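Undergrad: Under full-length UniProt numbering, think of the first position of the sequence shown as 1, with each following residue one higher. All C-beta atoms in this analysis are idealised placements derived from N, C-alpha and C, irrespective of residue type, glycine included. These figures come from a predicted structure and were not determined experimentally.
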Amino acid sequence: MRALVYTAVRVVEMQERERPQPLPGESVIAIEAAGICGSDMSGFLGHSRRRVPPLVLGHELVGRLNDGRRVVANPLVSCRRCSACLSGALNLCSSWRLLGMDQIPGCFAEFVSVPMDQLYEIPEAMPTVRAVLVEPLANIVHLFRLASPQPFFRLGIVGAGTMGALALLTANRIGVREVLIQDVNDARLAAMRDMGATLAVNVATAEGRDEARRFAGAGFDLVLDASGSSPARQAAFDLCRPGGQVVLLGMAEERSEIDFVASIRKEHRVTMSFAYTPLDFERSLTLLKAGEIDLTSWTRVLPLEEGQQAFNTITQSPGGTLKMVLQVS
Ligand SMILES: [Zn+2]
Ligand SMILES: [Zn+2]
Numbered sequence: 001m002r003a004l005v006y007t008a009v010r011v012v013e014m015q016e017r018e019r020p021q022p023l024p025g026e027s028v029i030a031i032e033a034a035g036i037c038g039s040d041m042s043g044f045l046g047h048s049r050r051r052v053p054p055l056v057l058g059h060e061l062v063g064r065l066n067d068g069r070r071v072v073a074n075p076l077v078s079c080r081r082c083s084a085c086l087s088g089a090l091n092l093c094s095s096w097r098l099l100g101m102d103q104i105p106g107c108f109a110e111f112v113s114v115p116m117d118q119l120y121e122i123p124e125a126m127p128t129v130r131a132v133l134v135e136p137l138a139n140i141v142h143l144f145r146l147a148s149p150q151p152f153f154r155l156g157i158v159g160a161g162t163m164g165a166l167a168l169l170t171a172n173r174i175g176v177r178e179v180l181i182q183d184v185n186d187a188r189l190a191a192m193r194d195m196g197a198t199l200a201v202n203v204a205t206a207e208g209r210d211e212a213r214r215f216a217g218a219g220f221d222l223v224l225d226a227s228g229s230s231p232a233r234q235a236a237f238d239l240c241r242p243g244g245q246v247v248l249l250g251m252a253e254e255r256s257e258i259d260f261v262a263s264i265r266k267e268h269r270v271t272m273s274f275a276y277t278p279l280d281f282e283r284s285l286t287l288l289k290a291g292e293i294d295l296t297s298w299t300r301v302l303p304l305e306e307g308q309q310a311f312n313t314i315t316q317s318p319g320g321t322l323k324m325v326l327q328v329s
């Protein structure tokens, strides 16, 4: 089969690979299309210890089973036996595995093998670019479920990437009062305005930072770091009101220095959100099936063969593109 293989830092190339053999309980999926995730990008850039070349990346997939059924897959496979799994927190499984990570080949290929109980059938009419969002949106459903914001909450989002955008769209669905989103990419900030951000501001300049601070006023009830860089994490705390909640989602950097004393004095509640459970995945699928969340206008589709260009573009000069999708068949 054809596969896009990550062979060295910043290099992906098409190779012929053996078609996967399904293990007991697994099904082989013929991939239709696959989204490039931020975690695939960090692998590509050589920042992920668990994505080491040679490896087929990718875990956001839509495809077809042998019998013709069209499916999406929850790519996070948990043991379903450890205490975390038994408590319902399958995202915290002591031995979770993800497609396109460690030794497990991902979905930037013609075929991938996935446990059958991870699959969800989707309608033929569901657009491909919406179907590949089920996995990324599940992360956002999960974080709002953890954070449980109060009605009419004010939200700050640091980072206008895919996660920031999906958080904005989801917040609008659940009754947010006002949303500030900050970033340093003007094209993406323009997209955030189109998606209904109350204020989308470029904080590369002192004026931009002032504008964000003025709008924040006493601070936001909930602030999401959807970036994971050290300055972004501190910015999330700075934007949070006394007694408010900071949700840390971005994983760009492993360690960061935070002004803890300032946050202790404000009694900031800190929530860390990781991945999603099957429940979140199903809710995400429901929202996307209903067309209530959509990034189509900001999605770019390239053939798998142009994977190198797709990765270069999305990591170096994404412009207003919020999701890069590789068309496989
Ligand atoms: Zn993902
Ligand atoms: Zn487990």
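Give me the residue from GLY320, GLU267, GLN316 and GLY307 with the minimum Cα distance to ALA34.
TA: GLY307
Undergrad: Among residues of its own chain, excluding the 5 on either side of GLY196, which ones have a beta-carbon nearer than 6 angstroms to its beta-carbon?
TA: ASN172
Undergrad: Looking at ligand 2, does it come within less than 6 angstroms of SER78, judged from the CB to the closest heavy atom?
TA: yes
Undergrad: DSSP beta-bridge partners for SER113?
TA: BP columns for SER113 point to VAL28.
Undergrad: In chain order, what are the residue ranges of uninterrupted beta strand (DSSP E) at least 3 long that sit wholly in the stretch 24-99?
TA: 26-36, 60-64 and 70-73
Undergrad: Grab me the residues of GLN150's own chain with a C-beta within less than 8 angstroms of its C-beta, minus the 5 sequence neighbours each way, in chain order.
TA: ASP221
Undergrad: Does the distance between the C-beta of GLU60 and the nearest non-hydrogen atom of ligand 1 fall short of 6 angstroms?
TA: yes
Undergrad: How big is the Cα-Cα spacing for ARG241 and ASP294?
TA: Going from the Cα of ARG241 to the Cα of ASP294 covers about 30 angstroms.
Undergrad: Expressed to the nearest angstrom, what Euclidean distance is found between the alpha-carbon atoms of GLY250 and PRO105?
TA: 24 angstroms
Undergrad: Tell me, please, which residues DSSP counts as bridged to ALA8.
TA: VAL11
Undergrad: Taking the beta strand (DSSP E) that ARG241 falls in, what are its first and last residues?
TA: From DSSP, the beta strand (DSSP E) with ARG241 extends over 240-248.
Undergrad: One question on the structure: do ARG64 and ALA30 come within less than 7 angstroms of each other, judged by their Cβ atoms?
TA: yes
Undergrad: List the endpoints of the continuous beta strand (DSSP E) containing ILE157.
TA: For ILE157, the enclosing beta strand (DSSP E) stretches over residues 154-158.
Undergrad: Using three-state DSSP, classify MET163 as helix, strand or coil.
TA: helix
Undergrad: With a threshold of 6 angstroms, establish whether the CB of CYS37 neighbours any heavy atom of ligand 2.
TA: no
Undergrad: To the nearest angstrom, how far is the alpha carbon of VAL270 from that of MET41?
TA: 26 angstroms
Undergrad: Less than 7 angstroms between the C-beta atoms of THR7 and GLU16, yes or no?
TA: no
Undergrad: Report the option in PRO318, SER317, GLY319 and PHE311 whose CA atom is closest to the CA atom of GLY46.
TA: Closest by alpha carbon: PHE311.
Undergrad: Leaving out five residues before and five after CYS37 in sequence, what residues of the same chain have Cβ atoms less than 7 angstroms from its Cβ?
TA: Within the same chain, and ignoring the five residues on either side of CYS37 in sequence, the residues whose Cβ sits closer than 7 angstroms to its Cβ are HIS59, GLU60 and PRO136.
Undergrad: Using a threshold of 6 angstroms, is the CB atom of PRO136 nearer than that to any non-hydrogen atom of ligand 1?
TA: Yes.
Undergrad: Ligand 2 and CYS85: does any heavy atom of the ligand fall closer than 6 angstroms to the residue's C-beta?
TA: yes
Undergrad: Is the beta carbon of ALA138 less than 7 angstroms from the beta carbon of PHE274?
TA: PHE274 is positioned such that its CB atom lies no closer than 7 angstroms to that of ALA138.
Undergrad: Do you know how far the Cα of ILE122 is from the Cα of VAL71?
TA: 5 angstroms
Undergrad: Measuring CA to CA, which of PHE108, ARG130 and PRO53 is closest to ALA290?
TA: If we check each option's Cα against that of ALA290, ARG130 comes out closest.
Undergrad: Taking the alpha carbon of ALA252 as the reference point, which residue from PRO22, GLY25, SER39 and VAL5 has its own alpha carbon closest?
TA: Distances from the CA of ALA252 to each of PRO22, GLY25, SER39 and VAL5 were compared; the closest alpha carbon is that of SER39.
Undergrad: Exposed or buried, which one is ILE314 when buried takes at least 16 other CB atoms within 10 Å?
TA: Buried is the call here.
Undergrad: Give, in chain order, every unbroken run of the alpha helix (DSSP H) that is at least 4 residues long and sits entirely within the stretch 267-308.
TA: Secondary structure in the stretch 267-308: the alpha helix (DSSP H) runs of 4 residues or longer, each lying completely within the stretch, are 278-289 in chain order.
Undergrad: Find the nearest neighbour of MET192 within the set GLY320, VAL325 and ARG81, judged by alpha-carbon distance.
TA: Measuring from the Cα of MET192, the nearest candidate turns out to be GLY320.
Undergrad: Which residue marks the beginning of the alpha helix (DSSP H) containing ASN185, and which one marks its end?
TA: Neither: ASN185 is in no alpha helix (DSSP H) and is coded neither H nor E.
Undergrad: Could you work out which residue in GLN234, ASN66 and CYS82 is closest to MET116 when comparing CA atoms only?
TA: ASN66
Undergrad: Is ARG17 helix, strand or coil by DSSP?
TA: coil
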